[in-house]
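Colleague: Take this structure, written in structure tokens, and hold onto it; I'll ask about it next.
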Amino acid sequence: MWKWRCCAVDELLKQWIPNVVAYKSRFFTSLSQTMQMTLRSGAIALVVGLALGVLLTVTKKDGIRPQAVIYRVVDLFVNLFRSIPFIILLIFLIPFTRMLVGTAIGVKGALVPLVFGCVPFYTRQVEAALASVDDGKVEAARSMGSSTLGIIFRVYLHEAVPDLIRATTITAISLIGLTTMAGAVGAGGIGSFAINYGQNQNHQDIVNVCVIILLLFVSLLQFAGNLLARRTTNRGLLRREGKDKA
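Everything in the sequence shown is counted per the numbering used here, starting at 2 for the first residue and increasing by one.
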């Protein structure tokens, strides 16, 4: 019975998506490459972007530790790389990527431009999320003698958790789009598979499947992000209500 069902499914797949079945090994390799690019570059961008977003918030003119020089340098870096279209950034960073990781193609070669393309965007998202924190709470923490690190972790990051989750979700979705563009210049992944085996060989079923896969990725990320943001927001409201009653 089980074998019959598997054979029936195989026959249906061969009818509906014959070219995907024909290149299934390459298809699964491309899926793996997209996941690797997203997870690796996303993890680096998460750490670096969060650090730079906090740095901009802390060192701005009305921040808790104003430092005009540091703020201007970081702000210039973010604005500079945000203004460059990603496909141009890929080409521009080829010499630097080769010097840093030894290659400018494949998953390894895509990580550097993906990080440079993602970090400025996420930095601005983090900066906006931290800006939504009530200034009164920051001032209250300062008046109680909290250190700079204490204010960053106990006030800014703690209070902005729902907004940071939303910012991370938006950035992760944007990063998936960047990986598909990276595939167009030799990075591999779903984008490369759709172009080389789909569009270039006139296999529409391959293009359709790649689009569906990307839509599923984005939908799952959005669902997970919304769920986490809602839960953290509700927990924050419950804590406040409990303190008010007490």
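Even for Gly, the Cβ is constructed at its ideal location relative to N, Cα and C.
Values in this document were obtained by computation on a predicted structure and should not be read as measured data.
1) Could you round the C-beta distance between Ile273 and Thr35 to whole angstroms and report it? I think they count as a contact, below 8 Å.
2) What residue does the alpha helix (DSSP H) around Ile92 start on, and which one ends it?
3) Is it a yes or a no for the stretch 151–171 touching the stretch 109–121, going by three-plus beta-carbon pairs under 8 Å?
4) Does the beta-carbon distance from Phe130 to Ala173 come in below 8 Å?
5) Between which two residues does the alpha helix (DSSP H) containing Thr172 stretch?
6) Looking at C-beta atoms only, is the number of pairs between the stretch 95–106 and the stretch 45–59 that lie closer than 8 Å three or more?
7) What is the residue span of the alpha helix (DSSP H) that Arg66 lies within?
8) If you draw a straight line from the C-alpha of Ile88 to the C-alpha of Lys61, how long is it?
9) Which whole-angstrom value is the C-beta distance of Ser31 and Gly189, which I expect to be below 8 Å?
10) Are there 16 or more other CB atoms within 10 angstroms of the CB of Ala69, so buried, or fewer, so exposed?
11) Can you name the start and end residues of the alpha helix (DSSP H) that Gly199 belongs to?
12) At least one CB of chain D closer than 8 Å to the CB of Leu51: is that the case?
13) Can you check whether the CB of Lys138 is closer than 8 Å to the CB of Val156?
14) Report the residue ranges of all alpha helix (DSSP H) runs contained in full by the stretch 69–152; include only those spanning at least 4 residues, in chain order.
15) Residues in the same chain with beta-carbon distance under 6 Å from Leu239, minus the five sequence neighbours each way, listed in chain order, please.
16) Could you tell me the boundaries of the alpha helix (DSSP H) in which Ala188 lies?
17) Please work out which residues of its chain come closer than 6 Å, Cβ to Cβ, to Ala142, disregarding the five sequence neighbours upstream and downstream, and give them in chain order.
18) Hey, quick one: how far does the alpha helix (DSSP H) through Val22 stretch, first residue to last?
19) Let me know if Asn227 comes out buried or exposed under the rule of 16 or more other beta-carbons within 10 Å of its beta-carbon.
20) Taking the straight line between their C-alpha atoms, what separation do you get for Phe218 and Met182?
Modeller: So, to answer that:
1) Because residue 273 is not part of the residues shown, which for the chain are 2 to 247, the question remains open.
2) 87–93
3) no
4) Note on identity: in this sequence residue 130 is Ala, with Phe being the wrong assignment. Result no, Cβ atoms of Ala130 and Ala173 do not sit closer than 8 Å.
5) 162–184
6) no
7) Careful: Arg66 lies outside any alpha helix (DSSP H) and carries neither H nor E.
8) 31 Å
9) 6 Å
10) exposed
11) Element bounds for Gly199: n/a, residue is neither H nor E.
12) The structure shown contains no chain D; it holds only a single protein chain.
13) yes
14) Taking only runs of at least 4 residues, the alpha helix (DSSP H) segments lying wholly in the stretch 69–152 are 69–83, 87–93, 95–102, 107–132, 136–144, 149–152.
15) Unreliable placement is indicated for Leu239, whose pLDDT of 45 sits below 50; the coordinate value is still reported in the next sentence. Once the five neighbours on either side are set aside, Leu239 has no close Cβ partner at all.
16) Run containing Ala188: none; DSSP gives neither H nor E here.
17) Ile152, Val156
18) 19–23
19) exposed
20) 16 Å
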